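Worksheet: one structure, shown below.
Structure, rendered in structure tokens:
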């Protein structure tokens, strides 16, 4: 079974979420997690993103940078990014540079669709 593993360039927890929320409002241009910035707005997960993930034929999961514990490849990864996980094998699907280049949610979704189609 395959899975897309998205890794945020942010820390987990309620306090960190609150800090991130304020940061995205006060200074969105300096917010370090472009994945968070384009998939969430100030009210939560964007509806279009939730619908896209629900319609995917592949499982998706999300982890925060402080939740990476045992995988050296992930610890060394430039964030945010996404990996394709098959069994125990993790292959980079979207690099940090790519993720940071997306200007909006549609660009991320289009890129993911293309990449997944190429893997078929």
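In our numbering, the protein residues as written are -15 to 104.
We treat Cβ as the ideally placed atom computed from N, Cα and C, and that holds for glycine.
No experiment lies behind these values; they were computed from the predicted model shown.
ask   = How many whole angstroms separate the CB atoms of residue -2 and residue 49, which I take to be in contact at a CB cut-off of 8 Å?
value = That belief does not hold up - the Cβ atoms of residue -2 and residue 49 are roughly 16 Å apart, past 8 Å.
query = Taking just the CA atoms, how far does residue 93 sit from residue 33?
reply = A straight line joining the alpha-carbon of residue 33 with that of residue 93 spans about 8 Å.
inquiry  = Taking the beta carbon of residue 53 as the centre, do at least 16 other beta carbons fall within 10 Å, making it buried, or is it exposed?
reply    = exposed
task = Would you identify the three-state DSSP class for residue 17, choosing helix, strand or coil?
result = coil
inquiry  = I'd like to check one pair, residue 77 with residue 99: are the Cβ atoms closer than 9 Å?
reply    = yes
query = Taking just the CA atoms, how far does residue 79 sit from residue -10?
reply = 11 Å
ask   = Between which two residues does the beta strand (DSSP E) containing residue 77 stretch?
value = 73 to 78
inquiry  = Quick check on the DSSP output: what are the complete beta strand (DSSP E) runs of length 3 or more inside the region 17 to 98, in order along the chain?
reply    = Listed in chain order, they are 43 to 48, 65 to 70 and 73 to 78.
query = How about residue 42 and residue -8: are their beta carbons less than 9 Å apart?
reply = no
query = Where does the unbroken beta strand (DSSP E) through residue -4 begin, and where does it stop?
reply = Neither: residue -4 is in no beta strand (DSSP E) and is coded neither H nor E.
inquiry  = Measuring only the C-alpha atoms, how far is residue 40 from residue 1?
reply    = Straight-line Cα distance between these residues: approximately 26 Å.
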